[in-house]
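Engineer:
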Amino acid sequence: MFLLNNFKNYIQIMPKDKIILVTGAAGGIGRSICKKLAISGARLIIADKNLKELEKTASLIEEVNNSFAPILINFDQTNFDMIPSLAENLYKKFGKLDGLILNAAMLGELMPITHYSPKLWHETFNTNLHANFYLLSGLEFLFKNSSSPRLVAVSDYRIRSPQAYFGAYQISKLAFQRMIEIYALEVTNPAFKVNIVEIKQAATNLAKKIAPGIDINTLPHPDELTDIFIELVSENCHYHNNKIVI
13 MFLLNNFKNY IQIMPKDKII LVTGAAGGIG RSICKKLAIS GARLIIADKN LKELEKTASL
73 IEEVNNSFAP ILINFDQTNF DMIPSLAENL YKKFGKLDGL ILNAAMLGEL MPITHYSPKL
133 WHETFNTNLH ANFYLLSGLE FLFKNSSSPR LVAVSDYRIR SPQAYFGAYQ ISKLAFQRMI
193 EIYALEVTNP AFKVNIVEIK QAATNLAKKI APGIDINTLP HPDELTDIFI ELVSENCHYH
253 NNKIVI
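Going by this note's numbering, the sequence shown opens with residue 13, and the numbers climb by one from there.
(1) Could you tell me which of T139, I113, L151, F92 sits nearest to F106, measuring between CA atoms?
(2) State yes or no: is the C-beta of T110 within less than 8 Å of the C-beta of K48?
(3) Using a Cβ-Cβ cutoff of less than 7 Å, which residues in the same chain neighbour L237 once the five nearest sequence positions on both sides are dropped?
(4) Under a three-way DSSP split, which group does E5 fall into?
(5) Considering only the beta carbon of each residue, do I32 and A54 sit closer than 8 Å?
(6) If you draw a straight line from the alpha carbon of V164 to that of N62, how long is it in whole angstroms?
(7) Ends of the alpha helix (DSSP H) at L218?
(8) Determine which residues share a DSSP beta bridge with K205 and list them.
(9) How many angstroms separate the CA atom of N77 from the CA atom of S71?
(10) Excluding the five sequence neighbours on either side, which residues of its own chain have a C-beta within less than 7 Å of the C-beta of Y128, listed in chain order?
(11) Provide the residue(s) that pair with E210 in DSSP beta bridges, ordered along the chain.
(12) If we ignore side chains and look at the alpha-carbon of each, how far apart do I240 and G40 end up?
(13) Indicate the three-state DSSP secondary structure (helix, strand or coil) for D235 in the structure shown.
(14) Sort out for me which residues DSSP pairs D60 with in a bridge.
(15) Is the distance from the Cβ of A187 to the Cβ of L141 below 8 Å?
(16) Mapping the DSSP letters down to three states, classify F14 as helix, strand or coil.
(17) So is N144 buried or exposed if we call it buried at 16+ other beta carbons inside 10 Å?
(18) Is M118 near T139, with beta carbons less than 8 Å apart?
(19) Measuring straight from C-alpha to C-alpha, what distance separates L197 and S246?
(20) Let me see if you follow: with CB-CB separation under 8 Å, is T216 close to chain B or not?
(21) Taking the straight line between their C-alpha atoms, what separation do you get for A99 and G225?
(22) Could you give the residue range of the beta strand (DSSP E) that holds G111?
(23) On the premise that N207 lies in contact with V257, defined as a C-beta separation below 8 Å, what is that separation, rounded to the nearest angstrom?
(24) Suppose the cutoff is 6 Å on Cβ atoms and the five residues either side in sequence are ignored; what does the same chain contact list for F80 look like?
What follows is the structure in structure tokens.
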């Protein structure tokens, strides 16, 4: 079993029983984030549209920390009409949300911009941008009852400069990142920290889709890249609001 680097240090800064929702929890990065947070004592709500893989994440969480069974939310976040019901149910059960990690994303297809079908273009934007707007606006009131609310957006190092054939993915992720940066400027609660993590290339299904011929074993395992999320959701997080963490 993988254990955190500097595990003792992290366990001291992660408060117990924090309520944290992670989207895209069935994928490589999302699953690793959930494992790290579970080891650190967080109470997790995990969301993804892939129920089979989401259940694997839940089993992993229970392996590393059996104090709390995770709550599974099997939904497609582009079904915007479900978000008010999600918010209501979370409020009834917990009354608050301490952390929200917006990780779910969609690559779509790699192709010239003018080759996208309107359907695929809109699907990619709905997943990477619009769904996150609806989630943030729908769940924001739950942060008010947290002593140290945290919002962490998962971005991608690939968006730093234009890349051919990454059109819908790169443009929608750029818009998502700018949305979070603006939201961070609008936050008035000094205890509320909003940050962005630009994830580097890792051994995930996304990497396989981007470069089918790549030797996945030459890439870092997601567990090598996700310790930072414990720091970012902790009460003693030393990062200032609105920082991009690489």
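Backbone N, C-alpha and C fix where the C-beta goes; we use that ideal spot for every residue, glycine too.
Every value quoted in this text rests on a predicted model; they were computed, and no experiment measured them.
Structural biologist: For this structure:
(1) Start at 1 with the first residue of the sequence shown, and residue 106 comes out as number 94. Of the candidates T139, I113, L151, F92, the one whose C-alpha sits nearest the C-alpha of F106 is L151.
(2) In the sequence shown, counting from the first residue as 1, residue 110 sits at position 98. In the sequence shown, counting from the first residue as 1, residue 48 sits at position 36. Checking the sequence, you will find Asp at residue 110 rather than Thr. No, the Cβ-Cβ distance between D110 and K48 is not below 8 Å.
(3) As a first step, residue 237 must be located in the sequence shown, where it is residue number 225. Hits under 7 Å: I211, K212, A214.
(4) Examination of residue 5 is not possible in this model, given that the chain is present from 13 through 258 alone.
(5) As a first step, residue 32 must be located in the sequence shown, where it is residue number 20. As a first step, residue 54 must be located in the sequence shown, where it is residue number 42. For I32 and A54, yes; Cβs fall inside 8 Å.
(6) In the sequence shown, the residue the question calls residue 164 occupies position 152. In the sequence shown, the residue the question calls residue 62 occupies position 50. One C-alpha to the other measures close to 22 Å.
(7) The residue given as residue 218 occupies position 206 in the sequence shown. Its alpha helix (DSSP H) spans residues 217-222.
(8) What you label residue 205 is simply residue 193 of the sequence shown in a count that begins at 1. The partner list for K205 (beta bridge, DSSP) reads R162.
(9) Here residue 77 refers to the residue found at position 65 when the sequence shown is read from its first residue. Here residue 71 refers to the residue found at position 59 when the sequence shown is read from its first residue. Their backbone Cα atoms lie some 10 Å apart in a straight line.
(10) Within the sequence shown, numbered from 1, the residue matching residue 128 stands at position 116. Same-chain partners within the cutoff: G179, A180.
(11) Translated into the one-based positions of the sequence shown, residue 210 becomes position 198. Bridge partners of E210: S167.
(12) As a working mapping, residue 240 is identified with position 228 in the sequence shown. As a working mapping, residue 40 is identified with position 28 in the sequence shown. The straight-line gap from Cα to Cα measures roughly 16 Å.
(13) Locating residue 235 in the sequence shown gives position 223, counting from the first residue. In the structure shown, D235 sits in a helix (DSSP, three-state: H, G or I).
(14) On the sequence shown, residue 60 is found 48 positions in, with the first residue counted as 1. DSSP lists N86 as partners of D60.
(15) The sequence position of residue 187 within the sequence shown is 175, counting from 1. The sequence position of residue 141 within the sequence shown is 129, counting from 1. Their beta carbons are under 8 Å apart, which means A187 touches L141 by this criterion.
(16) For the purposes of this step, residue 14 is identified with residue 2 of the sequence shown, where counting begins at 1. At F14 the pLDDT is 29, less than 50, meaning the model places this residue with poor confidence and gives no usable figure here.
(17) As a first step, residue 144 is located in the sequence shown; it is residue number 132 there, counting from the start. Under this definition N144 is a buried residue.
(18) Along the sequence shown, one-based indexing puts residue 118 at 106. Along the sequence shown, one-based indexing puts residue 139 at 127. Yes, the pair counts as a contact, with Cβ atoms nearer than the cut-off.
(19) In the sequence shown, the residue the question calls residue 197 occupies position 185. In the sequence shown, the residue the question calls residue 246 occupies position 234. Straight-line Cα distance between these residues: approximately 20 Å.
(20) Judged by its chain identifiers, the structure shown contains no chain B, having just a single protein chain.
(21) To locate residue 99, count along the sequence shown from 1; it is residue 87. To locate residue 225, count along the sequence shown from 1; it is residue 213. Distance between the alpha carbons of A99 and G225 is about 42 Å.
(22) Your numbering for residue 111 matches position 99 in the sequence shown. G111 -> beta strand (DSSP E) spans 111-114.
(23) To locate residue 257, count along the sequence shown from 1; it is residue 245. To locate residue 207, count along the sequence shown from 1; it is residue 195. Rounded, the Cβ-Cβ distance is 6 Å, consistent with contact.
(24) Taking the sequence shown and counting its residues from 1, the one referred to as residue 80 is at position 68. For F80, where only same-chain residues beyond five positions count, the Cβ hits under 6 Å are R55.
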